[in-house]
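Remarks on the structure that follows.
There are 2 protein chains.
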Amino acid sequence: MPGLHRVPFDVVEKTLTASLIRHGFSPERAARCAFLFADTTADGVYTHGVARFPRLIKMISLDEVRPEAEPKVVAAFNAIERWDGQRGVGNLAAWAAMQRAIDLSTQFGIGFVALGNTTHWLRAGTYGRQAAEQGRIGICWTNTLPNMPFWGASDPVIGNNPLVIAVPRKAGPVVLDMAMSQFSYGTIEAYKLRGEQLPVDGGFDTEGNLTRDPAAIEASLRPLPIGYWKGSGLAMLMDMVASMTALGLATHQLSLDFLHESGISQVFLAIHPQAFGPDPRVNQLADDIVASVHNARPTKPGTKMRYPGEKTIAIRAENMRLGIPIDKALWDEILAL
Amino acid sequence: MPGLHRVPFDVVEKTLTASLIRHGFSPERAARCAFLFADTTADGVYTHGVARFPRLIKMISLDEVRPEAEPKVVAAFNAIERWDGQRGVGNLAAWAAMQRAIDLSTQFGIGFVALGNTTHWLRAGTYGRQAAEQGRIGICWTNTLPNMPFWGASDPVIGNNPLVIAVPRKAGPVVLDMAMSQFSYGTIEAYKLRGEQLPVDGGFDTEGNLTRDPAAIEASLRPLPIGYWKGSGLAMLMDMVASMTALGLATHQLSLDFLHESGISQVFLAIHPQAFGPDPRVNQLADDIVASVHNARPTKPGTKMRYPGEKTIAIRAENMRLGIPIDKALWDEILAL
């Protein structure tokens, strides 16, 4: 890819950390936040890692993200808590909320944190992976700006609300991270930049016809929900659960302006599958299910089935060996931030 | 519709109750089970109500469903429990499991029950509605027989695993009840019986081409997951969470034979949104989100947006007034059971 070069993981981390400190972060929070950016890009989720760093800095300058604001516990009742994110840094708040859900699951078998008034958490899968790496089933989702129409409507009132389900497994977690639109805006943008059509219909054009043209979908702001009416309904319910438990803003109460994506609502759920006592059958079932998928007969001979999150392993290994691929112009921009 | 007639709700209930008692149910369990069948048909979910009654009786005669087996608590740890359904009656076990999750949420703010070794719960939405009517957010899902291929595979190793999310609301709950296939087999069958094509692609034919022909999908056993690879991944993760927490069977360990759909795994989650104390803002948010959907601009002028579960209200009112519509041949069959 032209303009792409590779930067060692620790150089990315140190560069972002220094920039964040210059923008008002304490050293410890800067290091944690920088790690999450670099980690996402190292895992190959290029749309939601370092590429988003300039937007965070911009939002700090607009006072939409407050560098030192810590989430605050607003209410607590045994295994559930309600937090106010105070428009702090989205990935740090999400990490803290999932960690609290994990700790609650140690005590109660399950833990739930609803986080309102927060900002973009960047890669959704990060927080599922966090739970799975600590032996928990992690489930989390966020609402978003109103970036998708309800099924049958033309104006966007629901969000593409990414959903994560992550399951622990000794050989490596299984991590599903999916938006409720058939393609995230990040993916639509990536296809457009490559001059490619989407592999299946991804939305409507401004005339209301289904299309695979990424530019037409960006123009209409009408991405297709997964499963048509089904993903539309699921996005609505995810918005209800997140905003009602967090007492935060619902999607339709937010405006469609990425630089002002502040005040969103998220939920974090951790289930402790070994809370009843250590049991090797839990991991065995995970391995058996993965094997059943790997062994399924492919429609195209010679292709391999991959479980959600599996691709990450090889991509990460390569990126840690060769350096994290970052667009040269982006890296130059970041060096100046 | 030819052959359709209407039977009053209480006649349906009494008829099914009497039949269940003849097949080994105690009067109380028979009445509860009959109610759930009649209730589903009254709500307009014709594929999963009274129409399934003969199959239950058949499965009892095959000893796949044991009329008097009660679910047993295998392990408990604060807010979570693991149950063995002992291959009892699926809808009774699911009702009991969700009720326990609700009770746990009273105590802990959230409750979770994993139920293994159970049988078909019939209408999934029943248990979400049960939670919502008690002021809880209800989330539940089941694994199923291996009735859907993993994305990229031709043989079925995952299930279409219905997912339910229900939210309480004073004016009536919002209940999402959706299978991970674009169309449930029940819906595919209904289109075939009406001689209609599906409104969008619903699966593959035996040649591997996407098709709207319901008969072709029944022949190939290759329904399309919602969102292609996305629904496939979600179904896999739902199977993992259910089987790993219940220590029950995973989809690939079951055989594709509806009369032997025994030993499946389910999860029931109840969240108490008012656990921190009564707060009118919770219901207000639910109403606001519903209003935002109702007020969205329709793509076809004059059409109305409906939230998941909304259709049920009018259908139920009509069915309670006029009687529950049941195919005449089916009703005659039930009278003889």
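The listed protein sequences correspond, in order, to chains P and A. Our numbering applies: residue 1 is where the first sequence begins, and numbers increase by one. Our numbering applies: residue 338 is where the second sequence begins, and numbers increase by one. Think of the CB as a built atom: it goes at the ideal place given N, C-alpha and C, for glycine as much as any other residue.
DSSP three-state assignment for residue i, whether helix, strand or coil
| i | result |
| --- | --- |
| Gly-24/P | coil |
| Ser-491/A | coil |
| Thr-312/P | helix |
| Phe-520/A | coil |
| Phe-204/P | strand |
| Ala-633/A | coil |
| Ser-232/P | helix |
| Gly-462/A | helix |
| Ser-351/P | This structure leaves residue 351/P out entirely; chain P is present only between 1 and 337. |
| Met-338/A | Bear in mind that a pLDDT of 47 at Met-338/A, under 50, signals an unreliable position, so the number given afterwards is only what the model happens to contain. Met-338/A falls in the coil class under three-state DSSP. |
| Leu-237/P | helix |
| Leu-247/P | coil |
| Leu-254/P | coil |
| Leu-535/A | coil |
| Ala-275/P | coil |
| Pro-617/A | helix |
| Asp-380/A | coil |
| Gly-90/P | helix |
| Val-12/P | helix |
| Glu-470/A | coil |
| Asn-319/P | helix |
| Glu-526/A | helix |
| Arg-29/P | helix |
| Val-402/A | coil |
Range covered by the beta strand (DSSP E) that runs through residue i
| i | result |
| --- | --- |
| His-342/A | 341 to 344 |
| Glu-670/A | Where Glu-670/A is concerned, there is no enclosing beta strand (DSSP E), although the alpha helix (DSSP H) it sits in stretches over 665 to 672. |
| Lys-360/P | This structure leaves residue 360/P out entirely; chain P is present only between 1 and 337. |
| Thr-456/A | 447 to 456 |
| Phe-80/P | Here residue 80/P turns out to be Ile, not Phe, going by the sequence shown. That run of the beta strand (DSSP E) goes 80 to 84. |
Chain P contact for residue i (CB, 9 Å cutoff)
| i | result |
| --- | --- |
| Ile-652/A | no |
| Met-338/A | Any reading at Met-338/A needs caution, since the residue's pLDDT is 47, under 50, leaving its predicted position unreliable; the model's value is listed next. Chain P, which has no Cβ nearer than 9 Å to the Cβ of Met-338/A, makes this no. |
| Thr-640/A | yes |
| Arg-466/A | no |
| Val-511/A | yes |
| Leu-399/A | no |
| Phe-487/A | yes |
| Glu-542/A | First, the residue type needs correcting, since residue 542/A is Asp and not Glu in the sequence shown. So, not an interface residue. |
| Ala-623/A | yes |
| Pro-645/A | yes |
| Lys-395/A | no |
| Leu-667/A | no |
| Gly-545/A | yes |
| His-342/A | no |
Residue-chain proximity (residue i, chain A), Cβ-Cβ < 9 Å
| i | result |
| --- | --- |
| Arg-297/P | yes |
| His-120/P | no |
| Phe-25/P | no |
| Gln-182/P | yes |
| Ala-153/P | yes |
| Val-45/P | no |
| Leu-322/P | no |
Residues sharing a beta bridge with residue i, DSSP
| i | result |
| --- | --- |
| Asp-514/A | Val-501/A |
| Arg-169/P | Its beta-bridge partners do not exist; DSSP assigns none. |
| Cys-477/A | Val-501/A, Phe-605/A |
| Met-485/A | Ile-495/A |
| Thr-640/A | DSSP, once it has assigned bridges, lists no residue as partnering Thr-640/A. |
| Pro-662/A | Arg-343/A |
| Thr-17/P | DSSP, once it has assigned bridges, lists no residue as partnering Thr-17/P. |
| Thr-548/A | Gly-540/A |
Residue range of the alpha helix (DSSP H) that includes residue i
| i | result |
| --- | --- |
| Met-59/P | 53 to 61 |
| Ile-563/A | From DSSP, Ile-563/A is part of no alpha helix (DSSP H); its letter is neither H nor E. |
| Ala-215/P | 214 to 220 |
At a Cβ cut of 7 Å, what residues of the region 220 to 249 of chain P count as close to chain A, listed as they run along the chain?
Ile-226, Gly-227, Tyr-228, Lys-230, Gly-231, Gly-233, Leu-234, Met-236, Leu-237, Asp-239, Met-240, Val-241, Ser-243, Met-244, Thr-245, Leu-247
Any C-beta of chain A within less than 9 Å: which residues of the region 65 to 85 of chain P qualify?
Val-74, Ala-75, Ala-76, Phe-77, Asn-78, Ala-79, Ile-80, Glu-81, Arg-82
Name, going along the chain, the residues of the region 246 to 278 of chain P whose beta-carbon falls closer than 7 Å to a beta-carbon of chain A.
Leu-247, Ala-250, His-252, Ile-271, Pro-273, Ala-275, Phe-276
Residues within the region 350 to 379 of chain A neighbouring chain P, beta-carbon criterion of under 7 Å
none
What residues in the region 490 to 506 of chain A have a beta carbon less than 7 Å from any beta carbon of chain P?
Ala-490, Ser-491, Asp-492, Val-494, Ile-502, Val-504
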